[in-house]
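Everything in the sequence shown is counted per the numbering used here, starting at 1 for the first residue and increasing by one. Every residue, glycine too, gets a C-beta built ideally from N, C-alpha and C. Notes follow once the structure below has been shown.
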Amino acid sequence: MWAEAVKVGLEQHAKGDLKAIQYGTAGFRTDAKLLDHVMYRMGILAVLRSKLKQAAIGVMITASHNQEKDNGVKLVDPKGEMLEQSWEALATKLANAKDDELDIVLDEIAQSQGIDHALPSSVFVGRDTRESSPRLAQAILDGIKAVEGAVIDAGIVSTPQLHYLVVCQNTHGQYGEASAKGYYSKISQAFKAFRGSNPVNGRYSPKLMFDGANGVGAQKMKEFLTFLGDSIQMEIVNDGTQPGDVLNGDCGADFVKVQQTSPKGLEKTRGERCVSVDGDADRVMYFYNDKESGQFAMLDGDRIATLVAEFLKELLDQAKNVPVACVPTGVKHLHHKAQDFDIGVYFEANGHGTIVFSDAAQAKIRDTAASSNSIQAQKLAHLVDVINQTVGDAISDMLLVESILHAKGWSIEDWRKAYQDLPNRQMKVRVADRNVISTTDAERQVVTPKGLQDEIDALVKKFPQGRSFVRPSGTEDVVRVYSESDTQDNADQLAYEVGLKVHALAGGVGEPTPKP
Ligand code: G16
């Protein structure tokens, strides 16, 4: 049964004595040099998953916001969700199996899941622009081939495009046409229809600066622009074509969020609406530098969530409060929670999120739009199609924000004035083993190491309106510290002091992180 898989594995994609790796928040992610065998095995696993689900499965090669030398792989389930959690454990087991025990582990998986080998399979494979991605994609294709799976090689795509392709395929075109052209056409048509013929409205102008993080987002945005015509006037920087351009290097959504400053190439902008995406274009961050003072201001995922939720409430003409739910970090948790609602709006502060509509809500919106003269209903129906509901999508989210700002006639300053954020700070602390930190209450309370939460509580009390949270990263080998307080200095100081405690109690490595 597995003879070919074992042979190719041993001869071309051996694990050897590489150390164990774990399927984390966004799949496997580490130094690209350590991933060849993992990719090969995930190709095989995707085929098994496809046979089980009798649907297309996606495999995306990317390490998103991580540095260029890293890479990673995440599996996409039939409805566009991240891989089901029980299969994360199977993925980890398979990735860590000894080379000569590959057949035993594959047998275990196939038997425990009741997989019928006679069934067909179909796997979409996509990759980001990292230098290591083509080689790693080949390892995945080899895995799929070794177990005679069928593959659709999507080439270089953004992560959300890959999710979109999988869903289109599995809904037999109902969600859209399963191609890049289908993706651009659907979203751009809805965007133009929502907006109407005049790209200017009130203080809104269609001019926008776009930071592509020197990655796939820049490439895909360029393609998208040919469909958007003059509905948007965009200048793209950090497109990865200039000598010395480095993926996520001093640019991109993660850089802007964490450093709270403009990315390379946009430092000198004044009053212009700017947007940054991350390395696989699933996160988006808005910002601008004040016209007069040059002061940097950021509009993150929280701002997008409130803008969208408020606008949907207006369109639906409902004055009721919007219920709020909390889950641990990771869109995989948020996406599931959001599906509990008729309309679920979810965004992480890092700019990763989307809006999901239940089938019933969508049917009602479309019926009302078709059967009444209500402009509100028609607008809402267009807006549903601007949104990539399959997963957080930087470019679709950006067009959603642009739609709402246009409808409100708002400049980016108007948007910022909607409410005042407390100053905040994010910080990384390097520790020997990030898993010594465990948390509860949707990652808002530290359980271990013992005593750390008491120290955090004591520090927080010293700062006006202070809050601080600590959690292990799911994508990098670090512990993340978040803090907020009444002033930026206080937020920085609180993060610094909490960082020192983490360093001391959780096995910090090297010097503690200096104060920002
Ligand atoms: C991935 C997840 C995000 C999550 C992030 C957290 O992002 O898809 O939902 O917010 O990891 O990473 P960490 O735990 O390191 O802060 P991405 O964009 O890197 O795939």
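Quick one: Cα of residue i to Cα of residue j, how far?
| i | j | result |
| --- | --- | --- |
| S158 | K462 | 44 Å |
| A319 | A458 | Bear in mind that a pLDDT of 49 at A319, under 50, signals an unreliable position, so the number given afterwards is only what the model happens to contain. Roughly 39 Å separates the two Cα atoms. |
| R434 | V38 | 22 Å |
| V73 | M42 | 8 Å |
| K33 | E108 | 28 Å |
| D142 | L225 | 35 Å |
| F287 | V401 | 13 Å |
| I156 | N214 | 14 Å |
| A281 | H172 | 25 Å |
| D317 | A381 | 15 Å |
| E11 | Y40 | 12 Å |
| E511 | L45 | 41 Å |
| F227 | A14 | 44 Å |
| C251 | D397 | 19 Å |
| D239 | Y164 | 23 Å |
| D31 | L315 | 46 Å |
| A146 | S179 | 26 Å |
| D359 | Y346 | 17 Å |
| L520 | V384 | The structure shown does not extend to residue 520, since the chain is modelled only from 1 through 516, so no value can be given for it. |
| Q378 | R49 | 39 Å |
| A95 | T475 | 17 Å |
| T25 | G182 | 29 Å |
| Y184 | D393 | 13 Å |
| S112 | L52 | 11 Å |
Excluding sequence positions up to five away, which residues of its chain have a Cβ less than 7 Å from the Cβ of residue i?
| i | result |
| --- | --- |
| P199 | P206, D230, S231 |
| R203 | G409, W410, S411, D414 |
| A327 | According to the sequence as given, residue 327 is Val; it is not Ala. Excluding residues within five positions, the ones whose Cβ falls inside 7 Å are H333, L334, K337, A442. |
| I343 | L312, I355, F357, A361 |
| G193 | What sits at residue 193 in the sequence shown is Ala, not Gly. H382, listed in sequence order. |
| T440 | V447 |
Would you mind reading off the limits of the alpha helix (DSSP H) that contains residue i?
| i | result |
| --- | --- |
| D124 | Correcting the residue type first, residue 124 is Phe in the shown sequence and not Asp. Where F124 is concerned, there is no enclosing alpha helix (DSSP H), although the beta strand (DSSP E) it sits in stretches over 123 to 127. |
| L228 | 216 to 228 |
| T368 | 359 to 371 |
| S403 | 394 to 408 |
| T159 | 159 to 170 |
| E455 | 452 to 461 |
| M39 | 36 to 53 |
| K268 | Note, K268: premise wrong, no alpha helix (DSSP H); not H, not E. |
In the DSSP assignment, find the beta strand (DSSP E) that holds residue i and state where it starts and stops.
| i | result |
| --- | --- |
| R517 | With the chain covering 1 to 516 only, the question about residue 517 has no answer from this structure. |
| R203 | Premise fails: R203 is in no beta strand (DSSP E) and is neither H nor E. |
| N96 | Segment 85 to 96 is the alpha helix (DSSP H) holding N96; no beta strand (DSSP E) there. |
| A297 | 296 to 299 |
| D421 | Counting along the chain, D421 falls outside any beta strand (DSSP E), and DSSP gives it neither H nor E. |
| I57 | 57 to 61 |
| D278 | Neither: D278 is in no beta strand (DSSP E) and is coded neither H nor E. |
| Q445 | 445 to 448 |
| Q260 | Premise fails: Q260 is in no beta strand (DSSP E) and is neither H nor E. |
| N490 | No beta strand (DSSP E) holds N490; the alpha helix (DSSP H) holding it covers 488 to 505. |
| A154 | 151 to 156 |
| S483 | 479 to 484 |
| E235 | 233 to 237 |
Residues in its own chain within less than 6 Å of residue i by CB, not counting five upstream and five downstream?
| i | result |
| --- | --- |
| D153 | V125 |
| I61 | V73, R127, S133, L136, A137 |
| E484 | L422, N424, R467, A491 |
| N201 | H406, G409 |
| G16 | none |
| A218 | G212, I236, D239, G240 |
| D103 | W2, V6 |
Checklist entry - Taking contact to mean at least 3 C-beta pairs separated by less than 8 Å, is the region 238 to 246 in contact with the region 300 to 308? => result With a cut-off of 8 Å, the region 300 to 308 and the region 238 to 246 do not count as touching, because too few Cβ pairs lie within range.
Checklist entry - Quick check: the region 415 to 424 against the region 499 to 509, are there 3 or more CB pairs under 8 Å? => result Verdict: no, contact absent.
Checklist entry - Taking one C-beta from the region 348 to 366 and one from the region 313 to 332 each time, how about it: are there three or more such pairs within less than 8 Å? => result Touching, yes, given that three or more Cβ pairs across the two stretches are closer than 8 Å.
Checklist entry - Are the region 51 to 63 and the region 105 to 124 touching, with three or more C-beta to C-beta distances below 8 Å? => result Short answer: they touch.
Checklist entry - Do the region 187 to 195 and the region 77 to 87 make contact, defined as three or more Cβ pairs closer than 8 Å? => result Touching, no.
Next on the checklist: Any residue with its C-beta under 6 Å from a non-hydrogen atom of the ligand G16 counts. Can you list them all in chain order?
Outcome noted: Matched residues: T25, A26, S64, H65, D278, D282, R283, T329, G330, V331, E348, N350, H352, S473, G474, T475, E476, R480.
Next on the checklist: With a threshold of 8 Å, are at least 3 pairs of Cβ atoms found where one atom belongs to the region 257 to 276 and the other to the region 369 to 380?
Outcome noted: With the cut-off at 8 Å, the region 257 to 276 and the region 369 to 380 do not touch.
Next on the checklist: Quick test of the definition: if touching needs 3 or more C-beta pairs under 8 Å, does the region 256 to 265 touch the region 294 to 301?
Outcome noted: These segments touch.
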